[in-house]
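Top line first, the protein sequences correspond to chains A and B.
Per the numbering used here, the first sequence starts with residue 1, numbered consecutively.
Per the numbering used here, the second sequence starts with residue 1001, numbered consecutively.
All C-beta atoms, glycine included, are put in the ideal place defined by N, C-alpha and C.
As the structure is a prediction and not an experimental result, all values here were calculated from the model.
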Amino acid sequence: EVQLVESGGGLVQPGRSLKLSCAASGFTFSNYYMAWVRQAPKKGLEWVATISTSGSRTYYPDSVKGRFTISRDNAKSSLYLQMNSLKSEDTATYYCARGLLGGGDYFDYWGQGVMVTVSS
Amino acid sequence: DIQMTQSPASLSASLEEIVTITCQASQNIGNWLAWYQQKPGKSPQLLIYGTTSLADGVPSRFSGSRSGTQYSLKISRLQVEDIGIYYCQQASSTPRTFGGGTKLELK
């Protein structure tokens, strides 16, 4: 069974940093692109980052580029999101998501999500 | 960025009714479109990818289609478990973008 379990969320002050983790199991992690998608309270979905299977390629929207860094450790089947210079508009539930095998940036499994609140 | 405009924003339908949700792309995205369902308090679930391909385990009453830059998700016979919010997403170019969502309720 595919499982994605996020951790590391919490309350953080504006301008500070936070690192999210996602532990994957039930599939060969190194074969899949992985991504982070967020959802602000009562709002829609926003793609945050995608990383290739080896980690050599990463992709971000302008809203987080230069502040967020996605990374992975295939030996540990783990995905990470380092978030720096956090802003109030980064407040959201962050989902770890698996890319569809060979299918482009479609997300076929999602974690339960972890809440990040940026507030003073 | 490619804008994805969903309609309607909300929809009330009866059991066994046919439901159609549409998503308009601001430019050509080919068949690079997915649909997700998010039930209350849950994570999103992939329903359709590549405009028409059904994801694993998704009931056959769900189907997707395209006419130009307008994409549609059809539920052939609405069931109680289909209640939730539906999102489209384009995977043609970065940034990947989602529609604003369609909230589907039971009448």
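In DSSP terms, what K87 of chain A is bridged to: DSSP, once it has assigned bridges, lists no residue as partnering K87 of chain A.
Residue from A:P14, A:W47, A:Y94, A:S21 with nearest C-alpha to K76 of chain A: For K76 of chain A, the nearest C-alpha among the options comes from A:S21.
Close-in-space but distant-in-sequence residues of the same chain around Q3 of chain A (CB under 6 Å, 5 per side omitted): Excluding residues within five positions, the ones whose Cβ falls inside 6 Å are S25, G26.
Kindly indicate which residue of B:L1073, B:S1053, B:T1069, B:E1105 has the alpha-carbon position closest to the one of Q1024 of chain B. If you compare the alpha carbons of B:L1073, B:S1053, B:T1069, B:E1105 with that of Q1024 of chain B, the shortest gap goes to B:T1069.
So if I threshold CB-CB distances at 7 Å, which residues from the segment 93-105 of chain A count as touching chain B? So the list reads Y95, L100, G103, G104, D105, given in the order they occur along the chain.
Please list the residues of the segment 58-72 of chain A that have a C-beta atom closer than 9 Å to any C-beta atom in chain B, keeping them in chain order. Close to chain B, meaning a Cβ-Cβ distance shorter than 9 Å, are the following residues of the segment 58-72 of chain A: Y59, Y60, P61, D62, S63.
Return the Cβ separation of Y1049 of chain B and Y106 of chain A in integer angstroms, given the expectation that the two are a contact with Cβ distance under 8 Å. Going by Cβ atoms, the distance from Y1049 of chain B to Y106 of chain A rounds to 4 Å, so yes, they are a contact pair.
Whole-Å CB distance - G113 of chain A paired with E46 of chain A, under 8 Å assumed: About 13 Å; that fails the 8 Å criterion.
Using the Cβ count rule (16 or more neighbours within 10 Å means buried), how would you classify G1084 of chain B? Buried, by the Cβ-count rule.
Span of the beta strand (DSSP E) holding A49 of chain A? Counting along the chain, the beta strand (DSSP E) containing A49 of chain A begins and ends at 45-51.
Name the DSSP beta bridge partners of F27 of chain A, please? Bridge partners of F27 of chain A: none, in fact.
Under DSSP, the beta strand (DSSP E) around Y95 of chain A begins and ends at which residues? First-last of the beta strand (DSSP E) with Y95 of chain A: 92-99.
Closer than 7 Å at the beta carbon, the chain A residues around L1046 of chain B: Per Cβ cutoff of 7 Å: Y106, F107, D108.
Indicate the three-state DSSP secondary structure (helix, strand or coil) for E1081 of chain B in the structure shown. Under the three-state reduction of DSSP output, E1081 of chain B falls in the helix class.
Hey, is G113 of chain A's beta-carbon within less than 8 Å of any beta-carbon in chain B? Yes, contact with chain B.
Let me know if Q1090 of chain B comes out buried or exposed under the rule of 16 or more other beta-carbons within 10 Å of its beta-carbon. So Q1090 of chain B ends up on the buried side.
Can you round the beta-carbon distance between L1078 of chain B and E1017 of chain B to whole angstroms, since I take them to be within the 8 Å contact cut? With a Cβ gap of about 5 Å, L1078 of chain B and E1017 of chain B count as contacting.
Where A75 of chain A falls: helix, strand or coil (DSSP): The answer is helix: DSSP assigns A75 of chain A an H, G or I state.
Mind checking who I1021 of chain B pairs with in its DSSP beta bridge? Within the DSSP bridge table, the entry for I1021 of chain B names B:L1073 as partners.
Residues in the same chain with beta-carbon distance under 6 Å from S1007 of chain B, minus the five sequence neighbours each way, listed in chain order, please. The residues T1022, in chain order, have a CB closer than 6 Å to that of S1007 of chain B in the same chain once the five nearest residues on each side in sequence are set aside.
Backbone secondary structure at T1055 of chain B - three-state DSSP: Per the sequence shown, residue 1055 of chain B should be read as Ala rather than Thr. Coil at A1055 of chain B, not helix or strand.
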